[in-house]
Amino acid sequence: MDRTSELSGFYKLTPEERLQYVKEFAGLTEEETEAIAATGSMKIDDVNRMIENVIGTFELPLGIATHFRINGEDKLIPMAIEEPSVVAAASKAAKIARAGGGFYTTSTDPIMIGQVQIVDVPDPQSARFKVLEKKEEILKLANEQDPVLVKFGGGAKDVEVRVIDSPKGPMVIVHLLVDCRDAMGANAVNTMAEAVGPLLERITGGRVYLRIISNLAVYRLARARATFPKEELGGEDVVDAVIEAWAFAAADPFRCATHNKGIMNGVSAVVRATGNDTRAVEAGAHSYAYYKHGHYGPLTYYEKDSQGNLVGTIELPVAVGTIGGATKVHPVARASLKILGVKSAKELGEVLAAVGLAQNFAALRALATEGIQRGHMALHARNIAAMVGAKGEEIDILVQRMVEMKKVRMDIAEQLLKEIRGEK
Ligand code: MEV
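See the structure below:
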């Protein structure tokens with residue numbers, strides 16, 4: 000076979016034909032090929048419609064975080080993630096928060112920003128005013144693009160205009176503020192932004208360039224608050240330790256990147272489980288972490304209440320939907336939304352905030368006390384034991400010995416397995 004990646008018309012093949020080509024190209028075994036071809040809960044036709052050049056699917060574990068109580072209601076939280084310890088940590092944090100009443104959440108309306116970039120405007124400051132004068136006309140035109148969204152109470156609600164200094168000179172940037180109701184909204188917002196382009200050119204005398212949603216969704220925020228009782232934490236020293244750990248993130252971008260990454264471990268796992276766009280939410284979270292502070296800072300905040308308990312809060316953008324896209328097509332995403340019992344995108348966003356706070360608290364508590372590795376070690380050891388071929392109770396013995404030795408490594412596992420099997 001001619002090993003080439005120059006494959007015009009590859010998209011016209013069926014998934015099976017494409018996979019056959021890849022199998023030959025890469026020398027995949029039967030077993031590897033079958034692993035790719037297995038579509039799990041989905042039908043290959045649906046998978047094939049979701050993205051281009053499909054050859055199969057990629058599976059991830061779906062776990063359930065327990066103990067969550069949000070606004071007085073018990074919730075089971077589906078999380079799709081490959082990283083060990085995340086689900087256990089969220090559950091543990093939720094258990095501690097539960098003793099303080101659980102999580103309390105609020106959110107803004109689901110407003111996304113559609114940006115229209117206008118260049119070569121001779122008088123940008125007065126153009127800004129002219130656009131604002133025509134606000135109603137712009138909104139009407141935008142809303143004509145999506146009567147269904149408008150019928151459900153959503154649609155373009157407001158217009159903002161900014162004049163920015165760029166390396167290519169001043170630009171007029173128009174923001175369409177669109178209430179997306181239960182949709183993530185990228186399609187609706189992009190369509191509206193494109194539709195108002197010619198009108199904005201006429202109003203400003205400039206040239207419209209990009210028309211696209213912004214992932215810095217500062218008007219689509221979710222918030223969560225929880226009290227972690229000091230007795231459940233192991234005393235006021237631990238409360239202080241968590242606040243100290245948080246303060247490190249507040250003062251240092253190197254630490255803060257990891258602090259916020261830990262938050263997104265939980266948030267993205269739920270975003271993924273519900274078929275939403277993890278990249279949109281990640282981009283929103285990290286850019287908001289900058290926007291909120293005027294420098295890169297933590298998405299969470301910790302302080303002590305009058306009784307010495309730890310109080311944690313979080314606020315982050317949540318560009319997620321409960322209708323449209325993979326949330327409807329993917330059977331597991333649909334089931335995850337049902338497990339969560341959320342009735343709107345707004346409610347889903349609030350769950351994300353609660354999970355993010357739980358995940359962050361769990362990480363800070365572990366880091367500030369026993370360190371993160373102890374919790375990770377047993378799970379890691381289990382994986383290593385399986386990788387060296389241990390079976391059944393051999394796995395338990397290997398895990399126990401490696402954890403005792405504080406050495407979780409392949410070479411140690413191989414050696415121990417030989418010893419267990421009397422093959423010294
Ligand atoms: C690991 O995936 C996440 C943590 O590093 C987060 C943190 O350090 O806060 C544990």
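The numbering of the sequence shown is numbering that gives the first Met the number 0, which starts it at 0 and goes up by one.
Ideal placement from N, C-alpha and C gives every residue a C-beta, glycine not left out.
Confirm the yes/no value for this check: CB of Thr368, any heavy atom of ligand 1, distance under 6 Å.
-> As a first step, residue 368 is located in the sequence shown; it is residue number 369 there, counting from the start. No, Cβ of Thr368 sits at least 6 Å from all heavy atoms of ligand 1.
Can you check whether the CB of Val115 is closer than 7 Å to the CB of Val173?
-> Along the sequence shown, read from residue 1 onward, the residue named residue 173 stands at position 174. Along the sequence shown, read from residue 1 onward, the residue named residue 115 stands at position 116. For Val173 and Val115, yes; Cβs fall inside 7 Å.
Cβ shell of Ala282 (< 6 Å), same chain only, five flanking positions each side left out = In the sequence shown, residue 282 corresponds to position 283, counting from 1. Within the same chain, Ala282 has close Cβ partners Asn214.
Per DSSP, Phe102 is paired with what?
-> Here residue 102 corresponds to residue number 103 of the sequence shown, with the count starting at 1. Per DSSP, Ile69, Ala225.
To the nearest angstrom, how far is it from the Cα of Glu33 to the Cα of Lys42?
-> Along the sequence shown, read from residue 1 onward, the residue named residue 33 stands at position 34. Along the sequence shown, read from residue 1 onward, the residue named residue 42 stands at position 43. Whole-angstrom Cα-Cα distance: 15 Å.
Asn264, buried or exposed, once every other Cβ within 10 Å from all chains shown has been counted against 16 = Along the sequence shown, read from residue 1 onward, the residue named residue 264 stands at position 265. Looking at its Cβ environment, which holds 16 or more other Cβ atoms inside 10 Å, Asn264 is buried.
Does the count of Cβ pairs from the segment 196-204 and the segment 327-334 closer than 8 Å reach three?
-> Contact between the segment 196-204 and the segment 327-334 is absent, because fewer than three Cβ pairs lie under 8 Å.
Helix, strand or coil at Gln114 [DSSP, three-state] | Numbered from 1 along the sequence shown, position 115 holds the residue referred to as residue 114. Note: Gln114 maps to strand in three-state DSSP.
Identify which residue in Ile69, Ala88, Leu59, Ser90 has its Cα closest to the Cα of Glu81.
-> Sequence index remark: in the sequence shown, residue 81 carries index 82 (1-based). It is Leu59 whose Cα lies nearest to the Cα of Glu81.
Cα-Cα separation between Phe151 and Asp73, rounded to whole angstroms = One-based indexing of the sequence shown puts residue 151 at position 152. One-based indexing of the sequence shown puts residue 73 at position 74. So the two alpha carbons sit approximately 28 Å from each other.
Nearest to Ala88 by CA position, among Ala365, Asp410, Gly293, is which residue?
-> Counting from one through the sequence shown, the residue named residue 88 turns up at place 89. Answer by Cα proximity: Ala365.
Val238 - containing alpha helix (DSSP H), residue span = For this step, residue 238 is matched to residue 239 along the sequence shown. First-last of the alpha helix (DSSP H) with Val238: 235-250.
State the DSSP-derived secondary structure class of His174, mapped to helix, strand or coil.
-> Taking the first residue of the sequence shown as position 1, residue 174 is located at position 175. Note: His174 maps to strand in three-state DSSP.
Of the listed residues Ala288, Ala36, Ala318, Leu232, nearest to Ala250 (C-alpha basis) | The residue given as residue 250 occupies position 251 in the sequence shown. Looking at the Cα atoms, Ala288 is the closest of the given residues.
heavy atom of ligand 1 below 6 Å from His379 C-beta | Translated into the one-based positions of the sequence shown, residue 379 becomes position 380. False, no ligand heavy atom lies under 6 Å from that Cβ.
Out of Gly205, Ile212, Glu31, Arg161, state which residue places its alpha-carbon closest to the alpha-carbon of Ala318.
-> Position 319 of the sequence shown, counting from 1, holds the residue named residue 318. Checked all of Gly205, Ile212, Glu31, Arg161; the closest Cα to Ala318 is Ile212.
Quick one: give me the first and last residue of the beta strand (DSSP E) that Thr312 is part of.
-> On the sequence shown, residue 312 is found 313 positions in, with the first residue counted as 1. Where Thr312 is concerned, the enclosing beta strand (DSSP E) stretches over 309-316.
Given Val53, which residues of its chain have a CB within under 6 Å of its CB, disregarding the five upstream and five downstream residues?
-> Mapped onto the sequence shown, residue 53 falls at position 54. For Val53, where only same-chain residues beyond five positions count, the Cβ hits under 6 Å are Pro14, Val46, Asn47.
How many Å lie between Lys156 and Ala36 at the Cα?
-> Mapped onto the sequence shown, residue 156 falls at position 157. Mapped onto the sequence shown, residue 36 falls at position 37. Approximately 45 Å between the Cα atoms of the pair.
Can you find a heavy atom of ligand 1 that lies under 6 Å from the Cβ of Asn264?
-> Within the sequence shown, the letter at position 265 stands for residue 264. Answer for Asn264: yes, Cβ within range of ligand 1.
Out of Ile50, Gly307, Thr299, point me to the one whose CA is closest to Ala357's CA.
-> Taking the sequence shown and counting its residues from 1, the one referred to as residue 357 is at position 358. For Ala357, the nearest C-alpha among the options comes from Thr299.
Every unbroken beta strand (DSSP E) within the segment 259-323, with a cutoff of 3 residues, ordered by chain | 299-303, 309-316
Give me the Cβ distance between Gly307 and Val238, rounded to the nearest whole Å; I'm assuming they're in contact under 8 Å.
-> The residue given as residue 307 occupies position 308 in the sequence shown. The residue given as residue 238 occupies position 239 in the sequence shown. That pair is a contact at about 6 Å.
With DSSP run on the structure shown, which of helix, strand or coil describes Ile54?
-> Numbered from 1 along the sequence shown, position 55 holds the residue referred to as residue 54. Looking at Ile54 - three-state DSSP - the assignment turns out to be coil, as it is neither helix nor strand.
Met78 and Ala268 closer than 7 Å at C-beta | By one-based count along the sequence shown, residue 78 stands at place 79. By one-based count along the sequence shown, residue 268 stands at place 269. It is a contact, given that the beta carbons lie within the stated cut-off.
Please report the residue range of the beta strand (DSSP E) in which Ile80 lies.
-> Counting from 1 along the sequence shown, the entry for residue 80 is found at position 81. No beta strand (DSSP E) contains Ile80, which DSSP labels as neither H nor E.
Please report how far the alpha carbon of Tyr10 lies from the alpha carbon of Val195, in whole angstroms.
-> Locating residue 10 in the sequence shown gives position 11, counting from the first residue. Locating residue 195 in the sequence shown gives position 196, counting from the first residue. Tyr10 and Val195: Cα-Cα distance of roughly 34 Å.
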